[in-house]
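Protein chains: 2
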Amino acid sequence: MPHIQLNNEAPGIRSLVIYRPDTGKSLYELAQALLRAGSPDSTLADAERELIAAYVSNQNNTDFCRNSHSAASRYLFGDRADLVDQVLQSPETAPISPKLRALLTIARCVTADARTVTDEVTAIARAEGATDGDIHDTVLIAASFSMYNRYVDGLATLTPEDPAAYAAMGERMGTLGYVLPTPN
Amino acid sequence: MPHIQLNNEAPGIRSLVIYRPDTGKSLYELAQALLRAGSPDSTLADAERELIAAYVSNQNNTDFCRNSHSAASRYLFGDRADLVDQVLQSPETAPISPKLRALLTIARCVTADARTVTDEVTAIARAEGATDGDIHDTVLIAASFSMYNRYVDGLATLTPEDPAAYAAMGERMGTLGYVLPTPN
């Protein structure tokens with residue numbers, strides 16, 4: 001049960017942005033700018049951005065965010081949807097590009113302790129083709145999910161258990177992006 | 185030296201919001217909503233909100249954010265400015281209200297692992313007079329500084345060493361709040 005009276009039955013972050021729309025507006029605009037728009041010089045696809053979000057949420061053990069962003073990434077990857085679980089299970093061996101693997105390493109460092117992002121780690125990503133925008137967006141996706149995860153878990157929001165609920169969320173996120181829900 | 189070419193000489197988060205104004209806008213609006221406006225039923229003063237931000241940044245070892253938000257908190261506390269260093273050095277014994285101490289405990293849990301925010305921890309805060317809005321804002325301040333700290337450290341932004349630089353920032357934050365800097 002949530003730690004505070006949210007006055008709605010929505011799951012996860014949605015219950016919080018309905019409860020507090022003023023901070024919710026910034027939180028959703030940030031997600032849209034990072035997971036859809038991206039930096040002008042970034043080469044990351046939306047499916048890859050969602051995968052980084054799911055990867056960080058998995059590292060933080062936040063089930064709601066991992067499951068919903070995994071579902072969005074699967075939806076956006078289409079016939080390559082299997083990649084998502086392969087990356088969550090074994091990022092070192094999953095069949096992804098060396099560039100994306102290097103960016104996932106940066107995301108892992110940011111999530112654990114951002115001071116461990118070294119010149120060496122960013123040089124490896126750059127050598128594999130990552131742009132400044134890719135590095136920027138990866139760092140800020142990892143940092144922002146270190147926030148979203150804590151917000152959702154710190155207030156003990158509702159976490160659905162039915163996989164079908166997440167598949168529906170993933171399709172909505174993959175088609176509509178991040179738009180504020182209307183209070184129910 | 186920053187890990188990416190930011191094309192400006194501003195310190196910390198300011199260099200990042202100048203580099204990428206679209207995410208910067210959401211990040212500053214979130215800070216303004218959380219550190220100034222607050223939830224309608226919240227009892228927290230702006231000086232206390234800044235203190236929670238400084239406390240979390242201290243826990244995450246992010247010097248830029250700790251120093252700047254400590255300075256803002258000192259400015260806003262006025263003749264009680266000494267409280268800030270007392271809390272950073274010893275939150276258990278600093279002369280603050282039991283309510284604020286209980287909220288700092290919640291902030292510490294969120295920062296370390298938000299799944300450790302238990303019903304017991306929130307019940308203690310509530311018994312000391314914390315409202316739902318206080319608990320919400322504390323959780324989201326701690327969560328959002330877990331992001332700001334990682335963003336600033338993960339890209340290795342400029343961290344001034346001169347205390348006078350932070351005193352000037354603190355006064356600006358305490359008077360103007362969070363407004364996007366214009367590119368220099």
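Here the protein sequences come in this chain order: D and E.
Residue 1 is where the first sequence starts when you use the numbering used here, and the numbers rise one by one after that.
Residue 185 is where the second sequence starts when you use the numbering used here, and the numbers rise one by one after that.
Ideal Cβ placement from N, Cα and C applies to all residues, glycine included.
| query | result |
| --- | --- |
| Can you pull the chain E residues whose beta carbon is under 7 Å from the beta carbon of Val179/D, in chain order? | None at all; the shortest Cβ gap to chain E is about 14 Å. |
| Beta-carbon separation of Cys65/D and Ala54/D under 9 Å? | yes |
| Contact criterion: CB-CB distance below 9 Å. Does Cys249/E meet it with respect to chain D? | no |
| Let's test the definition: count the other Cβ atoms within 10 Å of the Cβ of Glu213/E and tell me whether it reaches 16, buried, or not, exposed. | buried |
| Quick check on the burial criterion: 16 or more other C-beta atoms within 10 angstroms. Buried or exposed for Asp263/E? | exposed |
| Can you tell me whether Gly170/D is buried or exposed? The criterion is at least 16 other CB atoms within 10 Å of its CB, across all chains shown. | buried |
| To the nearest angstrom, how far is it from the Cα of Pro344/E to the Cα of Pro195/E? | 7 Å |
| Give the interface partners of Glu29/D over in chain E, defined as CB-CB distance under 7 Å, in chain order. | Ser210 |
| Check Val17/D in the structure and name its three-state DSSP category. | helix |
| Determine contact between the region 222-230 of chain E and the region 306-320 of chain E, defined as no fewer than three beta-carbon pairs at a distance below 8 Å. | yes |
| Could you check where the alpha helix (DSSP H) with Ser42/D kicks off and where it finishes? | Careful: Ser42/D lies outside any alpha helix (DSSP H) and carries neither H nor E. |
| Where do the N-terminal and C-terminal ends of the alpha helix (DSSP H) with Glu171/D fall, by residue? | Pro163 to Leu176 |
| Since I believe Ser330/E is in contact with Asn244/E (beta carbons under 8 Å), could you give me their beta-carbon distance rounded to a whole number of angstroms? | 7 Å |
| Counting only runs that start and end within the region 96-174 of chain D, where is the alpha helix (DSSP H) found for 4 or more residues in a row? | 98-113, 119-127 and 132-154 |
| Just checking: is the beta-carbon of Asn368/E within a distance shorter than 9 Å of some beta-carbon in chain D? | Caution applies to Asn368/E, whose pLDDT of 47 falls short of 50 and renders its modelled position unreliable; the model cannot decide the point. |
| Do Gly154/D and Ala326/E count as a contact pair if the criterion is CB distance below 9 Å? | yes |
| Among residues of its own chain, excluding the 5 on either side of Pro95/D, which ones have a beta-carbon nearer than 8 Å to its beta-carbon? | Leu83 and Gln86 |
| Can you tell me where the alpha helix (DSSP H) holding Gln89/D begins and where it ends? | Asp82 to Gln89 |
| Report the option in Val294/E, Gly317/E, Thr277/E and Ala348/E whose CA atom is closest to the CA atom of Leu6/D. | Gly317/E |
| Leaving out five residues on either side along the sequence, give the residues of the same chain with a beta carbon under 7 Å from the beta carbon of Arg220/E. | Asp230 and Gly361 |
| Check Asn368/E in the structure and name its three-state DSSP category. | Because Asn368/E carries a pLDDT of 47, less than 50, the predicted location of this residue cannot be relied on, and no value is offered for it. |
| Val323/E touches chain D at which residues, Cβ-Cβ below 7 Å? | Tyr151, Gly154 and Leu155 |
| Mapping the DSSP letters down to three states, classify Thr93/D as helix, strand or coil. | coil |
| Taking Ser328/E as the query, report the chain D residues whose CB atoms sit under 7 Å from its CB, ordered along the chain. | Met147 |
| Quick check on the burial criterion: 16 or more other C-beta atoms within 10 angstroms. Buried or exposed for Asn184/D? | Bear in mind that the predicted position of Asn184/D carries a pLDDT of just 48, short of 50, making it unreliable; the figure below should be weighed with that in mind. When all chains shown are included, Asn184/D counts as exposed. |
| Give a yes or no on whether the C-beta atoms belonging to Leu51/D and Ser73/D are separated by under 9 Å. | yes |
| Chain E partners of His69/D, CB-CB under 9 Å? | Within 9 Å Cβ-Cβ: nothing; His69/D doesn't reach chain E, min ~16 Å. |
| With Ala10/D as the anchor, note down where its alpha helix (DSSP H) starts and where it stops. | Note, Ala10/D: premise wrong, no alpha helix (DSSP H); not H, not E. |
| For Leu260/E, report the span of its alpha helix (DSSP H) as first-last. | Asp247 to Phe261 |
| For Val56/D, which three-state DSSP category applies? | helix |
| On the premise that Asn67/D lies in contact with Tyr166/D, defined as a C-beta separation below 8 Å, what is that separation, rounded to the nearest angstrom? | 4 Å |
| Check the Cβ of Ala37/D against every Cβ in chain E and list those closer than 8 Å, keeping chain order. | Asp206 |
| In its own chain, which residues sit with a C-beta less than 6 Å from the C-beta of Pro91/D, not counting the 5 before and 5 after it? | Leu104 |
| Assuming Gly358/E and Leu211/E make a contact with CB atoms under 8 Å, what is their CB distance in whole Å? | About 19 Å separates the two Cβ atoms, so there is no contact after all. |
| By how many angstroms is the C-alpha of Ala309/E removed from the C-alpha of Ser281/E? | 11 Å |
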